[in-house]
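Keeping their order, the protein sequence lines are chains A and B. Going by numbering that gives the first Met the number 0, the first residue of the first sequence is number 0, and it counts up by one from there. Going by numbering that gives the first Met the number 0, the first residue of the second sequence is number 0, and it counts up by one from there. All C-beta atoms, glycine included, are put in the ideal place defined by N, C-alpha and C. Note that the coordinates shown come from a computational prediction; the quantities given were computed from them, not determined experimentally. All remarks here apply to the structure that follows.
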Amino acid sequence: MNIAISASGPTLDSEVNPRFGRCEQFIILDPETMHFTVLANTGQSAGGGAGIATAQHILKEGIGAVLTGNCGPNAHQVLSAAGVKVITGVSGNIRDAVEVYKKDGYSPSGQANVGDHFGMGRGRNR
Amino acid sequence: MATSLARSLMDDHRVTLLDCDVEEPNAHLFIKPQITSTEEVAIPVPGVRQDRCNHCGKCSEVCAFNAIAVLADTVITFPELCHGCGACSHLCPRQAISEIPYRIGSLEKGGAGNLEFAMGKLDIGRAMATPVVRKVKQQSDGSGITLIDASPGTSCPVIEAVNGSDFCLLVTEPTPFGLNDLALAVEAVRRLGIPCGVVINRAGKSDAALEQYCLRENIPVLLKIPLDLKIACLYSEGITLADGLPEWKIRFKQLAERIMELAGERSCNTQR
């Protein structure tokens, strides 16, 4: 099943983006074939609820897991309700992260690892 | 400012004071009103009947604040993000969404002598101040003089508080921050078509930049309240300037007269 990775660039050699909702793009990848597509994140520019918008956007790709740096409570709730495994704390090269994922090296996080508005940058929440 | 004006004007006028600074209302500390009623302020948020929903996603598409997520077999709502616009329930093709009241704050009403008083309180942890402001503003019947204490800045709750006023008194301070925020506020009230004037609070030696700005923009500086320990002490004890120093009551009455001339009507609004 496909997985979504928040990406800082459009290739597998890009870094995993630490932000989920405000991330510019996702790499939607089949871990078995390593075939992937790049999905621009339309939820990124939402005035509010970017995590929710982003979660709905990537769910249309039929994914089973998300690899990202940080995920807030609302996005986590939407992804979990859809039965998607949310793996946070992922960083570094995307290809490496996928290899770790394939070897079951990550455990899904049962809850959000950051609070609301994390991806908006400190002090810019209002 | 608003409380001093209220205390000065209530001698000769029917005055209603509305504290619309709902995130941190403080007028009651100075007016000490007797609160006679408290009611809940709620906004309508979507309640989804999952059995009627076919997950078409229309509600989620129209929500400007992403307060509804539609998944393949369920719908999740986020009431804390909802602005209560009603678009989702209105547009649902299967009438699966009803509106449920969601408490965001409270309205307290009362009076002090012949002063009518109302204040809004946004509940702790809630972000949606504007509907509370709207509710407080409904407490004025438009007769006599209505004074509205708005929060600082130019955000949505301020616009809601100021909109529809006959005059807006902009209270600022002689600092770079004060000037920056004043310029933004002037832009906002001009767009709303409301005449305005400036009060310089903590006035002193560094008023020049502020006064130059007002001159350039043709905005009258209607009052200066000096940086004065005596005034600060009164404030800290919850005593309005009009009550604590009688000579100021005369100045506030004169200020109100100027405002009524400038507004051309007997109604005004103050903003902190």
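Locate the alpha helix (DSSP H) running through Ile-93 (chain A), then write down its first and last residues. Taken as a continuous stretch (DSSP letters only), the alpha helix (DSSP H) holding Ile-93 (chain A) covers 93 to 101.
Could you say if the region 18 to 27 of chain B and the region 140 to 157 of chain B meet the contact criterion of at least three C-beta pairs nearer than 8 angstroms? Using a Cβ-Cβ distance cut-off of 8 angstroms, the region 18 to 27 of chain B and the region 140 to 157 of chain B are in contact, since at least three pairs of beta carbons, one from each stretch, lie closer than that value.
Below 8 angstroms, can you find three or more Cβ-Cβ pairs linking the region 85 to 98 of chain B to the region 42 to 49 of chain B? They touch, by the three-pair rule.
At a CB-CB cut-off below 8 angstroms, which residues of chain A make contact with Phe-77 (chain B)? Going along chain A in sequence order, the residues near Phe-77 (chain B) (Cβ under 8 angstroms) are Gly-48, Ile-51 and Asn-73.
Buried or exposed (CB count within 10 angstroms, at least 16 for buried), Ser-106 (chain A): A residue is called buried when at least 16 other Cβ atoms come within 10 angstroms of its Cβ; Ser-106 (chain A) does not meet this threshold and is exposed.
Pairwise C-alpha distance: Ser-105 (chain B) and Leu-121 (chain B): Rounded to whole angstroms, the separation of the alpha carbons of Ser-105 (chain B) and Leu-121 (chain B) is 7 angstroms.
C-alpha gap between Arg-6 (chain B) and Leu-214 (chain B), whole angstroms: Distance between the alpha carbons of Arg-6 (chain B) and Leu-214 (chain B) is about 30 angstroms.
Let me check understanding here. Comparing Cα to Cα, which of B:Phe-64, B:Ile-144, B:Arg-93 and B:Lys-223 lies closest to Asp-50 (chain B)? The residue among B:Phe-64, B:Ile-144, B:Arg-93 and B:Lys-223 with its C-alpha nearest the C-alpha of Asp-50 (chain B) is B:Arg-93.
Checking 8 angstroms against the spacing of the C-beta atoms, do Leu-221 (chain B) and Arg-189 (chain B) come in under that value? 8 angstroms or more divides the Cβ of Leu-221 (chain B) from the Cβ of Arg-189 (chain B).
Proximal residues of chain A, C-beta to C-beta of Ser-59 (chain B) below 7 angstroms: Neighbours of Ser-59 (chain B) across chain A, judged by C-beta separation under 7 angstroms: Gln-55.
Tell me the start and end of each unbroken beta strand (DSSP E) in the region 65 to 136 of chain B that is at least 3 residues and wholly inside, in chain order. Within the region 65 to 136 of chain B, the complete beta strand (DSSP E) runs of at least 3 residues fall at 67 to 69, 74 to 76, 96 to 111 and 114 to 121.
Under 8 angstroms, Cβ to Cβ, is there at least one residue of chain A near Asp-18 (chain B)? So no, Asp-18 (chain B) is outside the interface.
Interface residues of chain A around Phe-176 (chain B) at Cβ under 9 angstroms? Simply none; closest approach about 16 angstroms.
Pairwise C-alpha distance: Pro-245 (chain B) and Ile-218 (chain B): Between Ile-218 (chain B) and Pro-245 (chain B), the C-alpha separation is close to 28 angstroms.
Three-way DSSP call (helix, strand, coil) for Ser-183 (chain B) in this model: According to the sequence as given, residue 183 (chain B) is Leu; it is not Ser. In the structure shown, Leu-183 (chain B) sits in a helix (DSSP, three-state: H, G or I).
Any chance the region 27 to 38 of chain B sits against the region 65 to 82 of chain B, with 3 or more Cβ pairs inside 8 angstroms? Not touching, per the Cβ criterion.
Would a C-beta distance cut-off of 8 angstroms place Ala-302 (chain B) and Pro-175 (chain B) closer than the cut-off? An answer regarding residue 302 (chain B) cannot be provided, because it is not within the stretch 0 to 271 covered by chain B.
Which of the three DSSP states is assigned to Pro-43 (chain B) in this structure? The three-state secondary structure of Pro-43 (chain B), taken from DSSP, is strand.
Please confirm whether Leu-168 (chain B) and Met-0 (chain B) have their CB atoms less than 8 angstroms apart. In contact: Leu-168 (chain B) and Met-0 (chain B) (Cβ atoms closer than 8 angstroms).
Indicate whether at least one CB of chain B lies closer than 8 angstroms to the CB of Val-77 (chain A). Closer than 8 angstroms to some Cβ of chain B, the Cβ of Val-77 (chain A) qualifies, so yes.
Contacts that Leu-28 (chain B) makes with chain A (C-beta to C-beta distance below 7 angstroms): Going along chain A, no residue has its Cβ under 7 angstroms from Leu-28 (chain B), so there is no contact; the nearest lies around 25 angstroms.
Report the residue from B:Ser-88, B:Ala-160, B:Met-127 and B:Ala-126 whose alpha carbon sits nearest the alpha carbon of Gln-137 (chain B). Distances from the alpha-carbon of Gln-137 (chain B) to those of B:Ser-88, B:Ala-160, B:Met-127 and B:Ala-126 put B:Ala-160 closest.
Under 8 angstroms, Cβ to Cβ, is there at least one residue of chain B near Leu-11 (chain A)? Residue contact check for Leu-11 (chain A) against chain B: no CB pair falls below 8 angstroms.
Three-state secondary structure (DSSP) at Glu-260 (chain B)? Here Glu-260 (chain B) carries a helix assignment [DSSP, helix/strand/coil].
C-alpha distance - Val-77 (chain A) paired with Lys-84 (chain A), whole-angstrom precision: Taking the straight line from one Cα to the other gives about 11 angstroms.
So for Thr-32 (chain A), helix, strand or coil by DSSP? In the structure shown, Thr-32 (chain A) sits in coil (DSSP, three-state: anything other than H, G, I, E or B).
Residues of chain A with CB closer than 9 angstroms to the CB of Thr-73 (chain B), please, in chain order. Simply Ala-80 and Ala-81.
When the Cα atoms are used, what is the spatial distance from Met-0 (chain A) to Pro-72 (chain A)? Going from the Cα of Met-0 (chain A) to the Cα of Pro-72 (chain A) covers about 24 angstroms.
Give the range of the alpha helix (DSSP H) segment to which Arg-6 (chain B) is assigned. Where Arg-6 (chain B) is concerned, the enclosing alpha helix (DSSP H) stretches over 1 to 8.
Residue span of the beta strand (DSSP E) that contains Ile-193 (chain B), given as start and end: From DSSP, Ile-193 (chain B) is part of no beta strand (DSSP E); its letter is neither H nor E.
Take every Cβ of the region 85 to 99 of chain A, pair it with every Cβ of the region 25 to 35 of chain A, and state whether three or more of those distances are shorter than 8 angstroms. As far as the Cβ criterion goes, the region 85 to 99 of chain A touches the region 25 to 35 of chain A, which means the pair count is three or higher.
So that I know if they touch, is there some Cβ in chain B lying closer than 8 angstroms to that of Leu-38 (chain A)? Leu-38 (chain A) does not count as touching chain B.
Please check if any C-beta of chain B sits within less than 8 angstroms of the C-beta of Leu-58 (chain A). Cβ-Cβ to chain B under 8 angstroms: yes for Leu-58 (chain A).
Residue span of the beta strand (DSSP E) that contains Thr-145 (chain B), given as start and end: It spans 144 to 149 - the beta strand (DSSP E) in which Thr-145 (chain B) sits, taken as one unbroken run.
How far does the alpha helix (DSSP H) with Val-157 (chain B) in it reach, from first residue to last? Counting along the chain, the alpha helix (DSSP H) containing Val-157 (chain B) begins and ends at 155 to 161.
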